[in-house]
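Visitor: Quick one: the structure is below, and I'll ask about it shortly.
Residue numbers (my numbering): 1 to 428.
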């Protein structure tokens, strides 16, 4: 059994098992990181972070009979505190992956959790297969894709599905967005991310002032909030909070930031609407573009809106998980695309991802209630109240599609609450 949990809705964690005998570890899901990173030990952080790290778990390569450890040559630009390991990996109810590549953080410094990186891997950003690559290579899933539903801003429930989609986690049509590298980006030519670009952006400060600006390229990750957005948008949001000038260069020499009084964060009701093709509009409140400074888990005392680099022009931006909490997203490496629909939870029905235009979700008018339940695909569900799913059983069904991937199968696993929330995990 496995589990997915969330901490304060800023990190989404997945329970996995590594090695022989199996070592249980919690990994943060990250769509901007390419590899799988595990901690060898917990750093000496404050008491709260140390406790979270201890609960997340660490990986001892020397305790695994199936592990191979390789020290990384620091002359290639990697940190000397990272080693590489190959070992078995089990995710939820899926078949165990063999000889998967891991980065092992031997001196974690400020890190208190490992990372399951789901960004583009072999042939794009890495020279070794990532976990997603291995799922395809070892015939666990048929396509190099995964779908993600973090749940709404007030939900504790979400789902991660490898190679498939849950048609009861969205409403309307899945729209395909080609993921193109931004023009003029300072990112290496051979580097790929899940780029998205709305056709336009409308800002409404809820007092009658509405401004429309062009769309911009951005990526979004389950890790973290806030982000870095174009300066014209950041300035409009800042003005709604009574801030008309960015901080001076001494405050942040690399990035333009607008200082915001943390106590005012929830007192402005404005919103930013990202307008995508097909009539999909994603509205994010102003307050969710505000980040807070916190050093090693200390209380947040300074808040800000982040914008672009001070010296280098950019057309590549980042929005925190506030975007992903409002959409159902399918990340499709085979097609170099991201498929989007408006998130809504009306149950659970997992099917294989067929890459067909016009795939519609079952939610909406007559789409059912908000709680998930057992479905015909062998999965068990959880209720939206975040109740403990540890009593749920895991199971799977053979997909049966004649696509040349006879070994690809579906698996669904539920697990116990670890960090205040339960999510479902499935693979097709």
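C-beta atoms are modelled at their ideal positions from N, C-alpha and C, and glycine is treated no differently.
Taking only the alpha-carbon atoms, compute the straight-line gap between residue 17 and residue 27 and give it to the nearest angstrom.
Guide: Position 17 of the chain shown holds residue 17. Position 27 of the chain shown holds residue 27. Using only the alpha carbons, I get a separation of about 10 Å.
Visitor: Which term fits residue 330, buried or exposed, when burial requires 16 or more other beta carbons within 10 angstroms of its beta carbon?
Guide: For the purposes of this step, residue 330 is taken as the residue at position 330 of the chain shown. Result: buried.
Visitor: Just confirm the distance between the C-beta atoms of residue 123 and residue 143, as a whole number of angstroms; I'd bet it's less than 8 Å.
Guide: Here residue 123 is taken as the residue at index 123 of the chain shown, counted from 1. Here residue 143 is taken as the residue at index 143 of the chain shown, counted from 1. Not quite, the Cβ-Cβ distance comes to about 15 Å (not below 8 Å), so this is no contact.
Visitor: Do residue 286 and residue 240 have their CB atoms nearer than 9 Å?
Guide: If you number the chain shown from 1, residue 286 lands on position 286. If you number the chain shown from 1, residue 240 lands on position 240. Yes.
Visitor: In chain order, what are the residue ranges of uninterrupted beta strand (DSSP E) at least 3 long that sit wholly in the segment 94-120?
Guide: Counting only unbroken stretches of 3 or more residues, the beta strand (DSSP E) elements lying wholly within the segment 94-120 are 97-105 and 114-117, in sequence order.
Visitor: Would you kindly report the start and end of the unbroken beta strand (DSSP E) that includes residue 161?
Guide: On the chain shown, residue 161 is found 161 positions in, with the first residue counted as 1. Segment 159-162, the beta strand (DSSP E) holding residue 161.
Visitor: Ends of the beta strand (DSSP E) at residue 303?
Guide: Here residue 303 refers to the residue found at position 303 when the chain shown is read from its first residue. Here the beta strand (DSSP E) through residue 303 covers 302-309.
Visitor: Out of 355, 13 and 346, which has the shortest C-alpha to C-alpha gap to residue 332?
Guide: Within the chain shown, residue 332 is the residue found at index 332, counting from 1. The candidate whose alpha carbon is nearest that of residue 332 is 355.
Visitor: On the three-pair Cβ rule with 8 Å, is the segment 195-208 touching the segment 273-292?
Guide: By the C-beta criterion, the segment 195-208 is judged to be in contact with the segment 273-292, since at least 3 inter-stretch pairs fall below 8 Å.
Visitor: What does the alpha-carbon distance come out to for the pair residue 221 and residue 62?
Guide: For this step, residue 221 is matched to residue 221 along the chain shown. For this step, residue 62 is matched to residue 62 along the chain shown. Using only the alpha carbons, I get a separation of about 32 Å.
Visitor: Could you tell me if the beta carbon of residue 168 falls within a distance shorter than 8 Å of some heavy atom in the ligand FAD?
Guide: As for the ligand FAD, it is missing from this structure, which has no ligand bound.
Visitor: If you run the structure through DSSP and keep just helix, strand and coil, what is residue 216?
Guide: Indexing the chain shown from 1 puts residue 216 at position 216. Three-state result, residue 216: coil.
Visitor: Go to residue 25, then tell me how far its beta strand (DSSP E) extends in each direction, as first and last residue.
Guide: What you label residue 25 is simply residue 25 of the chain shown in a count that begins at 1. From DSSP, the beta strand (DSSP E) with residue 25 extends over 23-30.
Visitor: Sort 103, 42, 35 and 111 by Cα distance to residue 125 and report the nearest one.
Guide: One-based indexing of the chain shown puts residue 125 at position 125. Residue 125 has its Cα closest to that of 35, out of 103, 42, 35 and 111.
Visitor: Quick check on this structure: which residue in 362, 350, 322 and 45 has the alpha carbon closest to the alpha carbon of residue 291?
Guide: To locate residue 291, count along the chain shown from 1; it is residue 291. Nearest C-alpha to residue 291: 322.
Visitor: For residue 332, report the span of its beta strand (DSSP E) as first-last.
Guide: Indexing the chain shown from 1 puts residue 332 at position 332. Where residue 332 is concerned, the enclosing beta strand (DSSP E) stretches over 327-332.
Visitor: Use the C-beta contact count for residue 379: other C-beta atoms within 10 angstroms, 16 or more gives buried, fewer gives exposed.
Guide: Here residue 379 is taken as the residue at index 379 of the chain shown, counted from 1. Residue placement at residue 379 is flagged as unreliable, the pLDDT there being 31, under the threshold of 50; a coordinate-derived value is accordingly withheld.
Visitor: What did DSSP end up calling residue 84 once you bin it into helix, strand or coil?
Guide: Against the chain shown, residue 84 aligns to sequence position 84. Residue 84: strand per DSSP, three-state reduction.
Visitor: So, are the CB atoms of residue 320 and residue 224 less than 9 Å apart?
Guide: Residue 320 sits at position 320 when you count from the first residue of the chain shown. Residue 224 sits at position 224 when you count from the first residue of the chain shown. Contact: yes.
Visitor: Check residue 323 in the structure and name its three-state DSSP category.
Guide: Walking along the chain shown from the start, residue 323 turns up at place 323. If DSSP states are grouped into helix, strand and coil, residue 323 belongs with the helices.
Visitor: At the level of alpha carbons, what is the spacing between residue 226 and residue 307?
Guide: As a working note, residue 226 is residue 226 in the chain shown. As a working note, residue 307 is residue 307 in the chain shown. A direct Cα-Cα distance of roughly 10 Å separates residue 226 from residue 307.
Visitor: Look at the alpha carbon of residue 59 and the alpha carbon of residue 31, and state the distance between them as a whole number of angstroms.
Guide: By one-based count along the chain shown, residue 59 stands at place 59. By one-based count along the chain shown, residue 31 stands at place 31. Rounded to the nearest angstrom, the two C-alpha atoms are 22 Å apart.
Visitor: To the nearest angstrom, report how far apart residue 233 and residue 214 are at their CA atoms.
Guide: Taking the chain shown and counting its residues from 1, the one referred to as residue 233 is at position 233. Taking the chain shown and counting its residues from 1, the one referred to as residue 214 is at position 214. For residue 233 and residue 214, the distance between alpha carbons rounds to 10 Å.
Visitor: Less than 8 Å between the CB atoms is what I'm expecting for residue 83 and residue 100, so what's the real figure, rounded?
Guide: By 1-based counting over the chain shown, the position of residue 83 is 83. By 1-based counting over the chain shown, the position of residue 100 is 100. With a Cβ gap of about 15 Å, residue 83 and residue 100 do not count as contacting.
Visitor: Skipping 5 residues on each side, what residues in its chain have a beta carbon closer than 7 Å to that of residue 264?
Guide: For the purposes of this step, residue 264 is identified with residue 264 of the chain shown, where counting begins at 1. Correct list, in chain order: 241.
Visitor: Along the alpha helix (DSSP H) that carries residue 48, what are the first and last residues, could you check?
Guide: Here residue 48 refers to the residue found at position 48 when the chain shown is read from its first residue. Start and end: 47-56.
Visitor: What's the call for residue 68, buried or exposed, on a 16-neighbour Cβ count within 10 Å?
Guide: Start at 1 with the first residue of the chain shown, and residue 68 comes out as number 68. That one is exposed.
Visitor: In three-state terms, what does DSSP make of residue 256?
Guide: If you number the chain shown from 1, residue 256 lands on position 256. In the structure shown, the three-state DSSP call for residue 256 is strand.
Visitor: Evaluate residue 482 with the Cβ neighbour count: other Cβ atoms within 10 Å of its Cβ, from every protein chain shown; 16 or more gives buried, anything less gives exposed.
Guide: For the chain, the structure presents residues 1 to 428; residue 482 sits outside this window and is missing.
Visitor: If you compare alpha carbons, which of 315, 96 and 70 is closest to residue 102?
Guide: Position 102 of the chain shown, counted from the start, is the residue given in the question as residue 102. That would be 70, whose Cα lies nearest to the Cα of residue 102.
Visitor: CB residue 219 to CB residue 339, shorter than 9 Å?
Guide: Here residue 219 refers to the residue found at position 219 of the chain shown. Here residue 339 refers to the residue found at position 339 of the chain shown. Judged by beta-carbon spacing, residue 339 lies beyond the 9 Å limit of residue 219, meaning their Cβ atoms are not closer than that value.
Visitor: Report yes or no: do the segment 168-179 and the segment 340-352 share at least 3 C-beta pairs separated by less than 8 Å?
Guide: yes
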